[in-house]
Structures are given as C-alpha cells and as structure tokens.
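Visitor:
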Amino acid sequence: MLCLQDAKSFAIVSAMNDTLINLEATLFCGQTFAWTKEGSTYEAVLGGRNITFEESDFSALVAEDTMLSHYFDMEWDYEAAETELSTLDPHLAMLIRQYRSIHILNQDPWEVLVSFLLSQNNNIQRIRGMYRTLSKTYGTEVDPGAFAFPRPSQLDCVSEAQFRALGMGFRAPYLVSAISQSHLLEFIGSLDYQAAKELLKSIRGVGEKVASCILLFGYHHMEAFPMDTWMQKVMKRYYPTKDETYFAPYAALAQQYLFHGERLGGRQ
DNA sequence: GGCCAGGCCCCAG
DNA sequence: CTGGGGCATGGC
118 MLCLQDAKSF
128 AIVSAMNDTL
138 INLEATLFCG
148 QTFAWTKEGS
158 TYEAVLGGRN
168 ITFEESDFSA
178 LVAEDTMLSH
188 YFDMEWDYEA
198 AETELSTLDP
208 HLAMLIRQYR
218 SIHILNQDPW
228 EVLVSFLLSQ
238 NNNIQRIRGM
248 YRTLSKTYGT
258 EVDPGAFAFP
268 RPSQLDCVSE
278 AQFRALGMGF
288 RAPYLVSAIS
298 QSHLLEFIGS
308 LDYQAAKELL
318 KSIRGVGEKV
328 ASCILLFGYH
338 HMEAFPMDTW
348 MQKVMKRYYP
358 TKDETYFAPY
368 AALAQQYLFH
378 GERLGGRQ
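Quick note on my numbering: the first sequence kicks off at 118 and runs consecutively.
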C-alpha cells in the first residue's frame, strides 16, 4: 500500500500502524542540528540520553519508547494533512510525492531557542558545528564522546567574550540574553500563538522568523510559517499573490516542503 | 576574493 | 513604519 519506490536517496521508515516518517529529511532539513548519520546509524543526545539506532530498528524503537515517539511526532496525522495540501496545490503535491512524510519534531524549546539564535545569517552546516561546539564545551558528557546540549544553568557564567572566542560571532550577546531570560520558556506553552510570539521577541536576537521557528519546532504550532531568504524566493516565484493563510491550517507543513524543495532543488 | 548563509538591531528618513 | 547598513565567520 505504501509507495517506497518514491524514496530515492532517502529511506522512508514505516512504523507504528503504518505511520511513515522520512527520517533523512526530517532530521537533516534544518529543524534540528543535534543529529549525525553514519551509514544507516543515527545518533544524538536527547533528554540527557545518548540515542543511537539503525534505520531498520526505528519502528521497534519508537514502539517501546514513548518519549522518542513523542519527539518524532508519531501520533500526529501527517497523511491527512499531506492529502489535503496535495489537493490544494499542485506544486506542493509534487514536493510531497518527492519527499513525503517529513515530520515536525517535538524538540526541547531551550535547544530550539539557541539553535535558531545561531541560525541567523548562517548556513545549516555551520549552525550544526556551532551547536556541537557549545555541547562539547559546556554540555554533560553522557557517554564517551557524546555530549548533551548545555542547560541554561550550565551557561550561567559564560560571558559574551567567551562565546565570541568560540566562534559565535555577533550572536554572542544574543546567547547571553537568552540565558538570562530562559525562564520565559516555561510560560510560552500556555499562551496563544500571537502572545507567545510577542513574548519570545522580547528576547534580544529573537525576531519574527526566529520566534516562528521556536513556536513550530519547540511548541508544535502548525500555523507557524517561518519566512527566511529561501522562503522569500519560493513565495515570489510560486505564490506571488498569496501568503501563509493559503495553506491553513497546515502552513508549517507546507513551509517545510517548500523550504526543503527549494534548498535541494536549487543547488544540490 | 567577493558573495552568501533558516536575520536582527539600529538608525535615518 | 519602512529601508538599508552592519554584523562574525567559513565555504564556495
């Protein structure tokens, strides 16, 4: 019933009642910077645990681990949303056929906040490097060579100069600000989308786009529509008279496919 | 060697 | 409120 031949350079894993997930696209499309992949082995530190698994073992892994099942968002009905978006728009239909079953991860909001502070005027490969630098320098080593991303308390005493010395550049003062205001993250989940976005934007270095990413990747607000340089090109070329309301209520999912398609289609 | 990268801040009009 | 320069750094 499932068209695995659509998967070309990436594998679509079937798990839990035929719920699909495109692991490769989901973990390396720029919503998280925590993962490495060697061969078919994926590895990251999540919630203080070193997670290592083979692609072929993914199904069993999420079946027995509710924390990971939630992280990979295996309960949300992606198939229904993909069907609706495909019916709505032919360009999206093509991208969804090509990259189907990209999930929106449920990540730790603090990691998302820092990750996307680092993301500005930056590229995905270097963001990943900076994320790992912070982990190795300040995070807890949970297994030999495997470092957790540092908690706010582990960064309390780090100065702007120290962050600059680690290569964080002009984002260094934003990190210092985020650490001192990390307590705000506890309230974000209880606010509606707009109120949460305004509160996040009170953190120095968090603007419209970064706030959207935090609300999407940290709080699963599927109405978010992060507008970066790639998405500006996409909207100008394919949807010059439209905005995110065209994709409602699945704007975030549409955005992921459009972003992914533009990035992979453009250069390679 | 410029140009660009999942932008935001700040300041001039 | 809108527009544009500046910002650190590395890869191409």
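We put the beta carbon where it would ideally sit given N, CA and C, even for glycine.
(1) Within 10 angstroms of its Cβ, does Cys-330 collect 16 or more other Cβ (buried), or is it exposed?
(2) Counting Cβ pairs, one atom from each stretch, are 3 or more of them under 8 Å apart for the segment 356-367 and the segment 265-277?
(3) Where do the N-terminal and C-terminal ends of the beta strand (DSSP E) with Gly-258 fall, by residue?
(4) With 16 other CB atoms within 10 Å as the buried threshold, where does Arg-243 fall?
(5) In terms of alpha-carbon separation, which member of Glu-201, Thr-346, Asn-223 and Gly-262 lies closest to Glu-160?
(6) If we count the other Cβ atoms within 10 Å of its Cβ and call it buried at 16 or more, is Leu-370 buried or exposed?
(7) Are the beta-carbon atoms of Val-327 and Asp-260 separated by less than 9 Å?
(8) Between Tyr-255 and the rest of its own chain, which residues show a CB-CB distance below 8 Å, the 5 nearest in sequence each way excluded?
(9) Give me the DSSP bridge partner(s) of Lys-154.
(10) Check for me: the alpha helix (DSSP H) holding Phe-364 runs from which residue to which?
(11) The alpha helix (DSSP H) with Phe-233 in it runs from where to where?
(12) Of the residues Phe-342, Ala-289 and Leu-235, which one's Cα is nearest the Cα of Phe-150?
(13) What residue does the beta strand (DSSP E) around Glu-172 start on, and which one ends it?
(14) What does the Cβ neighbour count give for Thr-136, buried or exposed, with the cut at 16 atoms within 10 Å?
(15) Quick one: residues in its chain with C-beta nearer than 6 Å to the C-beta of Lys-253, no 5 flanking neighbours on either side, listed in chain order?
(16) Taking only the alpha-carbon atoms, compute the straight-line gap between Leu-332 and Lys-314 and give it to the nearest angstrom.
(17) Pull up the CB-CB distance for Tyr-188 and Ala-142, whole angstroms please, since I reckon it's below 8 Å.
(18) Taking its Cβ as the centre, do 16 or more other Cβ atoms sit within 10 Å of Phe-304, making it buried, or is it exposed?
(19) One question on the structure: do Leu-283 and Thr-250 come within less than 9 Å of each other, judged by their Cβ atoms?
(20) Please list the terminal residues of the continuous beta strand (DSSP E) segment that includes Leu-137.
(21) For Leu-209 and Gln-298, what's the separation of their Cα atoms in angstroms?
(22) Could you tell me the boundaries of the alpha helix (DSSP H) in which Ser-252 lies?
(23) For the alpha helix (DSSP H) holding His-187, just list the boundary residues, first then last.
(24) With a floor of 4 residues, list each alpha helix (DSSP H) that falls wholly inside the segment 297-380, ordered by position along the chain.
(25) Quick check on DSSP: helix, strand or coil for Ile-168?
(26) Would you kindly report the start and end of the unbroken alpha helix (DSSP H) that includes His-208?
(27) Using a 10 Å radius around the Cβ and a threshold of 16 neighbouring Cβ atoms, would you call Asn-238 buried or exposed?
Guide: On the basis of the coordinates in this document:
(1) buried
(2) no
(3) The sequence given here places Glu at residue 258; Gly does not occur at that position. Residues 258-260.
(4) exposed
(5) Gly-262
(6) buried
(7) no
(8) Within the same chain, Pro-267, Gln-271, Leu-272 and Val-275 come within 8 Å of Tyr-255 by CB-CB distance, once the 5 residues on both sides are set aside.
(9) Paired residue(s): Tyr-159.
(10) Counting along the chain, Phe-364 falls outside any alpha helix (DSSP H), and DSSP gives it neither H nor E.
(11) 226-235
(12) The candidate whose alpha carbon is nearest that of Phe-150 is Leu-235.
(13) Premise fails: Glu-172 is in no beta strand (DSSP E) and is neither H nor E.
(14) buried
(15) Phe-264
(16) 7 Å
(17) Not quite, the Cβ-Cβ distance comes to about 16 Å (not below 8 Å), so this is no contact.
(18) Counting of Cβ neighbours within 10 angstroms places Phe-304 among the exposed residues, the total staying below 16.
(19) yes
(20) Run containing Leu-137: 136-139, per the beta strand (DSSP E) assignment.
(21) 38 Å
(22) Annotation: the continuous alpha helix (DSSP H) that includes Ser-252 extends over 241-255.
(23) 183-188
(24) 302-305, 310-317, 325-334 and 346-355
(25) strand
(26) 207-216
(27) Label assigned to Asn-238: exposed.
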